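Colleague: The numbering of the sequence shown is the numbering used here, which starts it at 1334 and goes up by one.
For each residue, glycine too, the CB sits at the ideal point set by N, CA and C.
All values reported here derive from a predicted model rather than from experimental measurement.
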Amino acid sequence: MALAQANRFAHIRRMRDGRFPHEIAAILPGEFFVSQDPMIVYTVLGSCVSACVRDPIAKIGGMNHFMLPKPKDGGSDSWGESTRYGSYAMESLINEILQRGGIKSRLEVKLFGAGKIYDGNIDVGARNAEWVLEFLRTEGLAACKTDLGDVFPRKVYYFTESGRVLLKKIERVKNNTIAEREHEYAEKIQTTGQAPADDVTLF
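(1) Look at the alpha carbon of PHE1342 and the alpha carbon of SER1368, and state the distance between them as a whole number of angstroms.
(2) Report the CB separation of ARG1487 from LEU1466 in whole angstroms; it is logged as a contact under 8 angstroms.
(3) Rounded to the nearest angstrom, what separates ILE1373 and ASN1454 at their Cα positions?
(4) Assign PRO1354 to buried or exposed, taking buried as 16 or more other Cβ atoms, counted over all protein chains shown, within 10 Å of its Cβ.
(5) Could you check where the alpha helix (DSSP H) with MET1423 kicks off and where it finishes?
(6) Of the choices ILE1360, PHE1366, VAL1386, CYS1381, whose alpha-carbon is the least far from that of CYS1477?
(7) Please report the distance separating the alpha-carbon of HIS1398 from that of GLY1351.
(8) For the putative contact between LEU1481 and ALA1475, defined by C-beta atoms under 8 angstroms, what is the C-beta separation to the nearest angstrom?
(9) Out of curiosity, what's the CA-to-CA distance linking GLN1421 and LYS1403?
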């Protein structure tokens, strides 16, 4: 069981940073990560949303990163059940924590992202924020901390054991690349069901 759990996240990029005491798992859109050992989960968010969830008693926690609430028109995703959609990302994250010994009634949830980082009539971030808050209500959960909306991309560092979050808002004018990459990602998955091959975490 322990080996299977370890292999579950073998594809996630790991790194070290001298500023932090634990190993960092860097997740991209469509990915999530859970750990029973003290870890830091890192991502960069534009209009996407990340939920940071943990059981503070069992000290099992993790984070996801989703781009859209659910497949278009409620249909199936050509990749199968993909965590780039909130409908799968939230269930996958919560279920993984429960499978490792977490208890749903104890879960602590924090939400970040949903920025309006590019111009246009459709506010993808607002839709993501509305969807994830409704999801929590439906599941009988509540977020103890939210930082959603505004016009800034965000860097998020989540400490799985303590629930601590380091959040940095990035000046929009200097970070058009984040908006461009996210927009490209959204168009790609909606039209072909495939993410850009060069999708990377931005620092």
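Modeller: The short version:
(1) 9 angstroms
(2) Wrong, their Cβ atoms sit about 17 angstroms apart, outside the cutoff.
(3) 35 angstroms
(4) exposed
(5) 1419 to 1432
(6) VAL1386
(7) 25 angstroms
(8) With a Cβ gap of about 14 angstroms, LEU1481 and ALA1475 do not count as contacting.
(9) Per the sequence shown, the amino acid found at residue 1421 is Tyr instead of Gln. Whole-angstrom Cα-Cα distance: 8 angstroms.
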